[in-house]
Amino acid sequence: MLEHGGRLRAAVLRWGLAREQWLDLSTGISPWSWLAERAAPISLDAWQRLPEDDDGLAEAAAAYYGVAVLPVAGSQAAIQALPRLRKPGRVGMLTGCYAEHALCWQRAGHVVIALDAEAIDTAVDSLDVLLLVHPDNPSGVVHERRRLLDWQARLAARGGWLIVDEAFIDATPALSLADETPRAGLIVLRSLGKFFGLAGARVGFALAEAALREALAEQLGPWAIAGPARQIAMLALQDRDWQAQQRKRLHEASARLHGLMADAGLPADGGCALFQRYRGEQAAALHEALAERGILTRLHSEPAPSLRLGLPATEADWQRLAEAFAGRVATRRSDGCAITTGRFDGRAKAMATMAARDPPDDRITS
Ligand SMILES: Cc1ncc(COP(=O)(O)O)c(C=O)c1O
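Anchor point for the sequence shown: position 341 equals 341 in the numbering used here, and the numbering is continuous, going up by one each time.
Given below as structure tokens:
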């Protein structure tokens, strides 16, 4: 199994800081969850009876996405099943993109070709499937719509697929290819995990032509999404006021994070409305230094060392991150009592040096 962000229990064990003291920025999941802000009663039926496909979820999703959809148990379920719907072939994707894609295609016997964004156009005619995370996770790379449609047409002409994983697109809906489905050979995957802050509900959607949705449904079997999750998902998809507010605050927070990183001498080299990424040789040491201060980030080593940071939610969280960046460090020993402050020069390099010097069992800095 691959490792992903959000492993707070593992962080508690590794750095010895209690769970409630962590600021978890290691995922691209919105810190504002629809459920936390719009309490929704769940009917007893949702728990007691088997879920029914015609309960209104598909209609609510069709209204939100503007096209027919297949509800799936998180877009991850479709990511795992899609490779089994084609005979083994050549599948191109961006180097370093969300690693489940490569793993699932390889497991089903396909050859995965890692591409740089500039190489896609040349490679596309030799591929059976082009898979793009859009915006890319973790680089934030996006592609022009006319390019995506050109690649899709070239693939479809040979029976190929363009799969667009739009897990991080809800705050920038104009980028989406949802409205181009259903058309032969175009598959769009959507998730309720990130934008709606409902990753634990495990609800996502596949947008594709009817025959493909049916084949996917066959693979996934009956009752894939739990009844309570279906109810919550339906209400969240219908809540247009909340969605508008969410888009606005995500953009604001993402821009603020971008600015904070620039001020700290750690300029973001990519990102989207839900996260920003720092890329540089110091990424690993910076990850460690932040974790020593109870701030969990997501470290990637491929194709180059980088750190992905999700969005802080409260002013106290922003303050904490700003202080960690600036080197005004208030760290807590694992016994929870001794606190002291230290000062770095605010640069990643200094933090890296500090992290290398501090033994893990003594977090007091001077
Ligand atoms: C790019 C991308 N796609 C899909 C997923 C899976 O999302 P879910 O199964 O929660 O819809 C993730 C999870 O982190 C992701 O980063």
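Just so you know, even glycine gets a beta-carbon here, dropped at the ideal spot from N, CA and C.
The model shown is predicted, which means the values in this text are computed figures rather than measured ones.
Got a sec: does ligand 1 put a non-hydrogen atom nearer than 6 angstroms to the Cβ of residue i?
| i | result |
| --- | --- |
| Ala253 | no |
| Asp165 | yes |
| Trp98 | The identity of residue 98 in the sequence shown is Tyr, whereas the question assumes Trp. Checking every heavy atom of ligand 1 against the Cβ of Tyr98, one is found closer than 6 angstroms. |
| Val133 | yes |
| Gly92 | no |
| Gly197 | no |
| Gln80 | no |
| Gly6 | no |
| Gly193 | yes |
| Ser43 | no |
| Ser75 | yes |
| Gly140 | no |
| Gly204 | yes |
Mind checking which residues open and close the alpha helix (DSSP H) that includes residue i?
| i | result |
| --- | --- |
| Trp45 | Checking the sequence shown, residue 45 turns out to be Asp, not Trp. Counting along the chain, the alpha helix (DSSP H) containing Asp45 begins and ends at Leu44 to Gln48. |
| Ala224 | Looking at the DSSP string, Ala224 is not in any alpha helix (DSSP H), and its letter there is neither H nor E. |
| Phe325 | Glu315 to Ala326 |
| Leu427 | With the chain covering only 1 through 366, there is no way to say anything about residue 427. |
| Leu35 | Trp34 to Glu37 |
| Glu52 | That residue, Glu52, is in no alpha helix (DSSP H); it is neither H nor E in DSSP. |
Please report the residue range of the beta strand (DSSP E) in which residue i lies.
| i | result |
| --- | --- |
| Ala189 | Note on identity: in this sequence residue 189 is Leu, with Ala being the wrong assignment. Unbroken beta strand (DSSP E) run through Leu189: Leu186 to Ser191. |
| Pro299 | For clarity, residue 299 is Leu in the given sequence; the question names Pro instead. Per DSSP, Leu299 belongs to the beta strand (DSSP E) from Arg298 to His300. |
| Leu162 | Trp161 to Asp165 |
| Arg308 | Ser306 to Gly310 |
| Leu13 | Where Leu13 is concerned, there is no enclosing beta strand (DSSP E), although the alpha helix (DSSP H) it sits in stretches over Leu8 to Trp15. |
Return the chain-ordered ranges of every beta strand (DSSP E) run that is complete within the segment 122-149 and spans a minimum of 3 residues. 129-133
State whether the segment 27-44 contacts the segment 193-210, with contact taken as three or more CB pairs (one from each stretch) at a distance under 8 angstroms. yes
List, from N- to C-terminal side, the beta strand (DSSP E) runs of 3 residues or more that fit wholly inside the segment 73-117. 90-94 and 111-115
Between the segment 43-61 and the segment 117-136, do three or more beta carbon pairs fall short of 8 angstroms? no
Output the residue ranges of the alpha helix (DSSP H) runs that lie fully inside the segment 227-291 and measure 4 residues or longer, sorted by chain position. 227-238 and 240-263
Touching or not, the segment 11-30 and the segment 215-222, by the rule of three or more beta carbon pairs under 8 angstroms? no
Inter-stretch contact at 8 angstroms, needing at least 3 Cβ pairs: the segment 69-87 / the segment 205-214: yes
Quick test of the definition: if touching needs 3 or more C-beta pairs under 8 angstroms, does the segment 75-84 touch the segment 162-176? yes
Are three or more beta carbon pairs between the segment 231-239 and the segment 282-296 nearer than 8 angstroms? no
Determine contact between the segment 288-298 and the segment 307-314, defined as no fewer than three beta-carbon pairs at a distance below 8 angstroms. yes
Could you say if the segment 108-123 and the segment 87-98 meet the contact criterion of at least three C-beta pairs nearer than 8 angstroms? yes
Between the segment 169-180 and the segment 267-279, do three or more beta carbon pairs fall short of 8 angstroms? yes
Meets three-Cβ-pair contact criterion under 8 angstroms: the segment 242-262 and the segment 40-57: no
Count the C-beta pairs between the segment 317-328 and the segment 16-26 that are closer than 8 angstroms, then say yes if the count reaches three, no if not. yes
Does the contact criterion of 3 or more C-beta pairs under 8 angstroms hold for the segment 142-158 versus the segment 245-259? no
Does the segment 95-111 come into contact with the segment 130-141, if we say contact requires no fewer than three beta-carbon pairs (one atom in each stretch) closer than 8 angstroms? yes
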